[in-house]
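Okay, so the sequence shown: first residue is 1 according to UniProt numbering, each after it adds one.
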Amino acid sequence: MSRPSAIVAIAICALIWGTTWYAITLQLGPVDSIVSIVWRFGLASAVLFAFCAVTRRPLRLTRSQHLAAIGQGAFVFAVSYGFVYAAEGQVASAVVAVIFAALAFVNLILFRLLGGQKAAPAAWIGAILGVMGVGVLSYGQITAAGAGLNPGLGVLFALTAVLASALGNWFAWKGQQAGAPVMAATSWAMAYGTAMLALYGMATGVTWRIEPTPDYVLSLLYLSLFGSVIAFGLYFTIARQRGYALASYISALTPPIAMLVSVLFEGARFGWSALIGLALVLAGQVMLIRAPKA
Numbered sequence: 001m002s003r004p005s006a007i008v009a010i011a012i013c014a015l016i017w018g019t020t021w022y023a024i025t026l027q028l029g030p031v032d033s034i035v036s037i038v039w040r041f042g043l044a045s046a047v048l049f050a051f052c053a054v055t056r057r058p059l060r061l062t063r064s065q066h067l068a069a070i071g072q073g074a075f076v077f078a079v080s081y082g083f084v085y086a087a088e089g090q091v092a093s094a095v096v097a098v099i100f101a102a103l104a105f106v107n108l109i110l111f112r113l114l115g116g117q118k119a120a121p122a123a124w125i126g127a128i129l130g131v132m133g134v135g136v137l138s139y140g141q142i143t144a145a146g147a148g149l150n151p152g153l154g155v156l157f158a159l160t161a162v163l164a165s166a167l168g169n170w171f172a173w174k175g176q177q178a179g180a181p182v183m184a185a186t187s188w189a190m191a192y193g194t195a196m197l198a199l200y201g202m203a204t205g206v207t208w209r210i211e212p213t214p215d216y217v218l219s220l221l222y223l224s225l226f227g228s229v230i231a232f233g234l235y236f237t238i239a240r241q242r243g244y245a246l247a248s249y250i251s252a253l254t255p256p257i258a259m260l261v262s263v264l265f266e267g268a269r270f271g272w273s274a275l276i277g278l279a280l281v282l283a284g285q286v287m288l289i290r291a292p293k294a
């Protein structure tokens with residue numbers, strides 16, 4: 001993937017994910033969030049499998065590749081999104097989007113500890129700025145009146161989702177090292193994550209249903225096709241070809257879009273702390289993208 005192609009792909013992912021945070025709020029209601037996530041990734045994985053079959057892309061994985069896909073599915077599509085949906089029940093969707101900017105920093109630490117990968121000093125500084133921005137905005141939301149039903153719990157859920165996503169990225173990288181094709185690995189990972197959540201839902205006795213309203217159905221289709229199939233396909237392609245640190249910082253490009261959408265459709269209001277936090281996040285993003293490879 002050339003640099004211009006990577007920039008275009010990053011912009012597309014940021015635009016899609018910047019709007020999916022609000023789309024998730026349309027899934028919260030009578031339908032249990034676990035059920036909604038199962039519908040979302042179940043449909044997305046089916047579309048990805050069909051796409052691979054039609055385009056004659058390989059779908060068979062080796063044992064080590066399947067194990068990596070299981071880990072990726074467990075942490076990215078099951079644990080992480082379970083906590084994302086829970087977090088959005090407590091705080092504005094844009095707050096969760098901004099907190100996910102910390103993913104770049106967590107990825108750098110995790111890949112350094114587990115894989116011995118080095119990053120340039122500028123990358124570390126950029127990631128730290130992103131985390132500082134997340135901290136400023138999170139503190140402002142927790143202390144602000146009307147930030148949510150339980151903003152502290154929402155922030156905790158979002159941070160847990162970030163940690164789970166970083167672990168999922170590690171397993172995705174392990175699959176890459178094992179030679180798994182990106183589309184096949186993503187298809188299987190989504191399927192495994194969906195199966196795990198379905199088993200959890202059955203064990204906890206959730207009611208399997210779909211809310212027959214335009215908001216629910218259209219948001220489900222958008223999250224499945226755009227937020228999952230297209231965005232994750234681009235994300236893991238960028239990650240493999242340009243690095244997981246850069247790919248994960250797509251999360252830092254989504255806050256301005258997510259905040260605008262949240263203001264327009266959720267009635268959210270953000271003060272100076274949110275603007276300062278956003279500025280730090282964006283400054284960190286610029287440094288990370290421009291940082292040379294170590």
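For every residue, glycine included, the Cβ atom is placed at its ideal position computed from N, Cα and C.
Between the C-alpha atoms of residue i and residue j, what's the straight-line distance to the nearest angstrom?
i: A78; j: R269; result: 31 Å
i: V84; j: V182; result: 24 Å
i: A104; j: V31; result: 32 Å
i: G243; j: A68; result: 18 Å
i: L221; j: L114; result: 36 Å
i: G71; j: V261; result: 32 Å
i: G82; j: I125; result: 30 Å
i: A86; j: A283; result: 29 Å
i: A184; j: A14; result: 23 Å
i: L223; j: K118; result: 34 Å
i: V286; j: F49; result: 35 Å
i: S36; j: A198; result: 10 Å
i: L280; j: L137; result: 10 Å
i: L26; j: I16; result: 16 Å
i: I257; j: T194; result: 28 Å
i: A74; j: A191; result: 10 Å
i: D215; j: F100; result: 25 Å
i: R112; j: R240; result: 17 Å
i: I10; j: G227; result: 13 Å
i: L59; j: A120; result: 36 Å
i: G18; j: I250; result: 10 Å
i: R209; j: G233; result: 28 Å
i: A247; j: L61; result: 24 Å
i: A189; j: L110; result: 20 Å
i: V8; j: L28; result: 31 Å
i: L225; j: G42; result: 11 Å
i: A127; j: V206; result: 39 Å
Applying the 10 Å Cβ sphere with the 16-neighbour rule, what's the burial state of residue i?
i: Y139; result: exposed
i: G267; result: exposed
i: I238; result: buried
i: V54; result: exposed
i: S5; result: exposed
i: L264; result: exposed
i: L218; result: exposed
i: A123; result: buried
i: R56; result: exposed
i: L180; result: One point to set straight first is that residue 180 is Ala, not Leu, in the sequence displayed. Answer is buried; the Cβ neighbour count reaches 16.
i: A147; result: Note on A147: pLDDT 47, under 50, position unreliable in the model; the coordinate value appears next. So A147 ends up on the buried side.
i: A145; result: With a pLDDT of only 45 at A145, under the threshold of 50, the placement of this residue in the model should not be trusted, and no figure is reported.
In its own chain, which residues sit with a C-beta less than 6 Å from the C-beta of residue i, not counting the 5 before and 5 after it?
i: S64; result: A178
i: F157; result: F83, A86, A87
i: F171; result: A68, G71, Q72
i: L153; result: Q90
i: S33; result: Y85
i: G168; result: Q72, F75, V76
i: E211; result: P30, V31
Which residues in the same chain have their Cβ closer than 8 Å to the Cβ of residue i, if we skip the five residues on either side of it in sequence?
i: L259; result: Note on identity: in this sequence residue 259 is Met, with Leu being the wrong assignment. A94, A97, V98, A268, F270, A274, L278, listed in sequence order.
i: V229; result: A44, V47, L48, F51
i: W21; result: E88, S93, A94, V96, A97, T254, A258, V261, S262
Locate the alpha helix (DSSP H) running through residue i, then write down its first and last residues.
i: R240; result: 231-242
i: P214; result: 214-224
i: L31; result: Looking at the sequence provided, one finds Val at residue 31 rather than Leu. Per DSSP, V31 belongs to no alpha helix (DSSP H) and is neither H nor E.
i: A78; result: Unbroken run through A78: none, as it is neither H nor E.
i: F157; result: 151-177
i: W188; result: 182-204
i: R209; result: Run containing R209: none; DSSP gives neither H nor E here.
i: Q72; result: 63-72
i: S93; result: 93-99
Apart from the five residues just before and just after residue i, which ones in its own chain have a Cβ nearer than 7 Å to its Cβ?
i: V106; result: V162, L163, A166
i: G102; result: According to the sequence provided, residue 102 is Ala. The question's Gly does not apply to it. Only G130, V131, V134, V162 meet the Cβ criterion.
i: G175; result: Q65, A68, A69, Q72, A185
i: V38; result: T194, L197, A198, G201
i: I276; result: V136
i: P255; result: A94, A97, V98, A101, L278, V281
i: F236; result: A172, V182, T186
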